[in-house]
Amino acid sequence: MQNKNLITVDLGGTKILSALINGQDQIIDRFKESTKITGEIKPIIDGINNSIDKLLENNSLTQKDIKAICLGVPGTVNPMSGIIGYAPNLGIRDYNIKETLSKYYDIPVLIENDVNLAGLGIQQAELKDNVKNMLVVFIGTGIGAALFIDGKLYRGSSFYAGEIGHMRINPKGKPSKKSKLTFENIASRTAVVNAIVDEIKKGKKSYLSDIVKKGKRIKSKSLRAAVEVEDKVVIEYLARSARVIGSVLGSIATLLNLDSIMLGGGVIEALNDFMLPKIRKAFNTAVLPEPGKIVKIDYTRLGDDAPLFGGIKLAQEFLES
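In UniProt numbering, the protein residues as written are 1 to 321.
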């Protein structure tokens, strides 16, 4: 069992990334395909199965060569039962995906929240288990986190730990669908882009004006290009996001006495040199001096591979403990 291969699948709202990992914890093959969101579960299951089958086929392997399939899901997950509580980007609620996949594969199927899985990957492949108390924060469509206490992933009493994007940080706001009450509604990539689009539609000039007029999606690389030409609108809202992120993380570090905070997501990857100094400055203002001085804030270099490597730690936890 110890030397067998492992397959990790990162199920996202737009794409399914999968990897074959050998017994030496190395990614030896990858497969990528689009996620088909139709409101039905079958196309999603078909996409997962196709990814797994392609990795097996391309490497002349059978199920007997695989010790486990590890699946990361963007939503609330019970890794014990295999039930997805709610995955809004996928349109899935109260669904036992482990039970379904186990009908196709006669090997252990393990599931985990995608940010938790990425955190496990960072712990395994990047930090080599050299941190005890760590918060991993991914900033994207929303904001999610994975919390490690004494070196172990903390899932909470009902597997909801890490949902920091829903923390209410603006008590003056009024609850509504366009609420600015929560962390992710103020500081996520989505919030930044929405604010920039609103300003452009109001007549503000921006490097991104043509993209908005054409109705195209603003990608992280476009935000990077806008910062490089000193676009005032883009810089204003990215800087605001960084200040809010740093302030919230400072409060969390005071509460939990962390030794490490690792950041991820497309905006952080594309703009780490712009975002991190501002995040650290706001963090240092918010955190108490004593717990603050030991915290290292950095960003992951693993990119999309973080959750793929996370399967290694997940398999160790459920198969070897």
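All residues carry an ideal CB built from backbone N, CA and C; glycine is no exception. Model, not experiment: these values are computed from the prediction.
Query	Result
Residues near F159 by beta carbon distance below 6 Å, same chain, minus five either side	N78
Segment contact, 8 Å Cβ cut-off, at least three pairs: the region 245-256 with the region 119-132	no
Cβ distance (whole Å) where D259 is taken to contact K128 below 8 Å	Not quite, the Cβ-Cβ distance comes to about 14 Å (not below 8 Å), so this is no contact.
Which listed residue (I261, I37, Q316, S60) has its alpha carbon closest to that of I28	S60
Cutoff 6 Å; reference S220; Cβ partners in own chain excluding five residues on either side	G266, V267, A270
Bridge partner(s) assigned by DSSP for L110	C70
Residue of A125, A145, I92, I69 minimising C-alpha distance to D106	I69
CA-to-CA distance, T14 to G39, given in whole angstroms	14 Å
Whole-number beta carbon distance between D10 and G72, since they are thought to touch under 8 Å	5 Å
Under the three-state DSSP convention, the category S250 falls into	For clarity, residue 250 is Gly in the given sequence; the question names Ser instead. Helix at G250.
Classification of S176 by the beta-carbon crowding that lies within 10 angstroms, buried from 16 upward	Here S176 scores only 47 on pLDDT, less than 50, and its place in the model should not be relied on; the value that follows carries that caveat. Flag for S176 reads exposed.
Beta-carbon proximity of V227 to I235, cut-off 8 Å	yes
D29 - partner residues in DSSP beta bridges	L20
Pairwise C-alpha distance: T76 and N50	24 Å
Beta-carbon gap between G250 and A282 smaller than 8 Å	yes
Simplified DSSP assignment, three categories, for I268	helix
Chain-order list of residues whose beta-carbon lies under 7 Å from that of F309 (same chain, five-residue window excluded)	G121, Q124, A125, L302
Rounded C-alpha distance that separates K232 from S206	7 Å
Cβ pair count under 8 Å reaching 3, the region 272-290 against the region 141-153	no
Check whether I48 and L90 have beta carbons under 8 Å apart	no
Reduced DSSP secondary structure (H/G/I, E/B, other) of P79	coil
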